[in-house]
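Presented below is the structure to which this report refers.
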């Protein structure tokens, strides 16, 4: 028995392609339909109300693609809109916050740092997820607003990025955390600069890998395994820069972005 | 005779508050209604099609406020959507590109640089406006995508900003231009860092001042002068950061952002 319906992936933009790449490595036989709401990105600087409104609209659109489950690749959406999405969708919804928190707890010795967008950090979602599993856990969070623009500029391990990382990540350096959650899909692209700023002894938790492992387990448990493979990449704005960044993130994939109109 | 209707100012976000500030200095007796489409910002990384769609929607909303003229404070919108806005509005529409180009030509000795968002630079609008007035003019343009996030981070004259400016503005340094148009409402906030990168002998043209002078002349010519003064600040998303940045840009104004819903 196979289930040929696609797995839907939703992101505010194209940073979630890091999650798509992780999913494809684990589940090469699945079909994926990816929606990046590039006409309204970024979500990470906007209020929770706006994020929920945009996310519910996008989920409705993806439900029309007959998805068998919805992966919310965007940390900002996962942090602010997961209950609303679970209510709006009939299929399982998997966000990145819970898998990231579980992975962090599996490796930490007790002091976890979280970095993300302003919206994700303001939501406190990672702290709640971590403390729900371990009330004793010590959590320090900080927003890093320039990391997404730096990643999108292609300055992944640029001297400027290293300097910004050193400034932002000062609260996590010199042993003040032993584990750091990269709470934004873009941040794994900056991994060398982040690692240099916090030191090699801090474990970096990439939510993309964590959510891919969770989805793999869910597909097996619910007998949702597909066959055939394939990817559709849908975006709501197709500026040339989106195409350029998508090719940076997915160097091994034939990138063909389809422009779609999200009913407003 | 006075015309009590407000002057409408439209921007993708709150960078256009630099234009509002310049307008208020010249026209203290006017009422202003400012709309920042903060739920969809930034426009500067999006395609011209999306920018036109959003701008026409916002202009329709402002027409409902009985504005006597519309100032488009956003360079990206001025560069891509001015004809569409002129068609959609019954009142005069003033963009920032033409006033900026005229001011640059008044001071240049022949070599003009233009910096702006990716969308503004890709549109080529400043080059067209400059060459329409002086076909012999030498124009060099470059997008500076990190300048808006740096300005919004509050790093106006920060060492990182100076370093990024030196990298971006290298094509304009050492006498290669004599005049540089700051083709984005945020850029005047970074003026010291920009001036340091290009050298003191390069004249910096601030579109905010140029458009304010143009609007002042238009109000006089068309006998649209108002009385009373006052400002309403409308935004489509009211994240805490928007409020914070608005207060940074308007330190002398009582900032009270009103959240409005732009009909989609």
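Protein chains in written order, with the working numbering: chain A, 106 to 369; chain B, 106 to 369. Using N, Cα and C, we set each Cβ at its ideal position, and we do this for glycine too.
Contact list for residue i against chain B, beta-carbon separation under 7 Å
i	result
residue 152 of chain A	342, 343, 344
Residue range of the beta strand (DSSP E) that includes residue i
i	result
residue 132 of chain B	Here residue 132 of chain B belongs to no beta strand (DSSP E), and DSSP marks it neither H nor E.
residue 216 of chain A	216-221
residue 272 of chain B	Unbroken run through residue 272 of chain B is the alpha helix (DSSP H), 264-273; no beta strand (DSSP E).
residue 246 of chain B	243-248
residue 146 of chain A	No beta strand (DSSP E) holds residue 146 of chain A; DSSP gives it neither H nor E.
residue 308 of chain A	308-311
residue 337 of chain B	336-340
Boundaries of the alpha helix (DSSP H) in which residue i is found, first to last residue
i	result
residue 400 of chain B	In the structure as shown, chain B starts at 106 and stops at 369, and residue 400 of chain B therefore has no counterpart that could be examined.
residue 157 of chain B	153-168
residue 348 of chain B	345-354
residue 303 of chain A	296-303
residue 279 of chain A	From DSSP, residue 279 of chain A is part of no alpha helix (DSSP H); its letter is neither H nor E.
residue 253 of chain A	252-257
residue 172 of chain B	No alpha helix (DSSP H) contains residue 172 of chain B, which DSSP labels as neither H nor E.
residue 232 of chain B	230-238
Nearest-angstrom beta carbon gap, residue j and residue i [assumed within contact, 8 Å]
i	j	result
residue 370 of chain B	residue 189 of chain B	For chain B, the structure presents residues 106 to 369; residue 370 of chain B sits outside this window and is missing.
residue 193 of chain A	residue 164 of chain A	5 Å
residue 339 of chain A	residue 360 of chain A	Not quite, the Cβ-Cβ distance comes to about 12 Å (not below 8 Å), so this is no contact.
residue 283 of chain A	residue 216 of chain A	5 Å
residue 150 of chain B	residue 223 of chain B	6 Å
residue 321 of chain B	residue 131 of chain B	5 Å
residue 315 of chain A	residue 240 of chain A	Going by Cβ atoms, the distance from residue 315 of chain A to residue 240 of chain A rounds to 21 Å, so no, they are not a contact pair.
Partners in chain A for residue i, counting only beta-carbon separations shorter than 9 Å
i	result
residue 251 of chain B	251, 254, 255, 258, 260, 265
residue 123 of chain B	Within chain A, no residue comes near residue 123 of chain B; the closest Cβ sits about 19 Å away, beyond 9 Å.
residue 223 of chain B	344, 345, 346
Residue i (DSSP reduced to helix, strand or coil)
i	result
residue 321 of chain B	helix
residue 108 of chain B	coil
residue 202 of chain A	helix
residue 363 of chain B	strand
residue 181 of chain B	helix
residue 138 of chain A	strand
residue 288 of chain B	strand
residue 329 of chain B	coil
residue 316 of chain B	helix
residue 226 of chain B	helix
residue 195 of chain A	coil
residue 293 of chain B	helix
residue 188 of chain A	helix
residue 208 of chain A	helix
Short Cβ contact (8 Å threshold) for residue i with residue j
i	j	result
residue 250 of chain B	residue 264 of chain A	no
residue 174 of chain A	residue 112 of chain A	yes
residue 277 of chain B	residue 218 of chain B	yes
residue 180 of chain A	residue 290 of chain A	yes
residue 123 of chain A	residue 350 of chain A	no
residue 231 of chain A	residue 206 of chain A	yes
residue 274 of chain B	residue 302 of chain B	yes
residue 309 of chain B	residue 287 of chain B	yes
residue 300 of chain B	residue 127 of chain B	no
residue 176 of chain B	residue 119 of chain B	no
residue 367 of chain A	residue 171 of chain A	no
residue 82 of chain A	residue 307 of chain A	The question about residue 82 of chain A has no answer, for chain A in this structure spans 106 to 369.
residue 295 of chain A	residue 261 of chain A	yes
residue 334 of chain A	residue 134 of chain A	yes
residue 185 of chain B	residue 156 of chain B	yes
residue 199 of chain B	residue 319 of chain B	yes
residue 166 of chain A	residue 146 of chain A	no
residue 202 of chain B	residue 183 of chain B	yes
residue 220 of chain A	residue 159 of chain A	no
residue 248 of chain A	residue 270 of chain A	no
residue 329 of chain B	residue 108 of chain B	yes
Cross-chain neighbours of residue i in chain B, by beta carbon under 9 Å
i	result
residue 144 of chain A	145, 151, 152, 155, 158, 159
residue 268 of chain A	264, 265, 268
CB contact below 8 Å: residue i versus chain E
i	result
residue 362 of chain B	Among the protein chains of the structure shown, namely A and B, there is no chain E.
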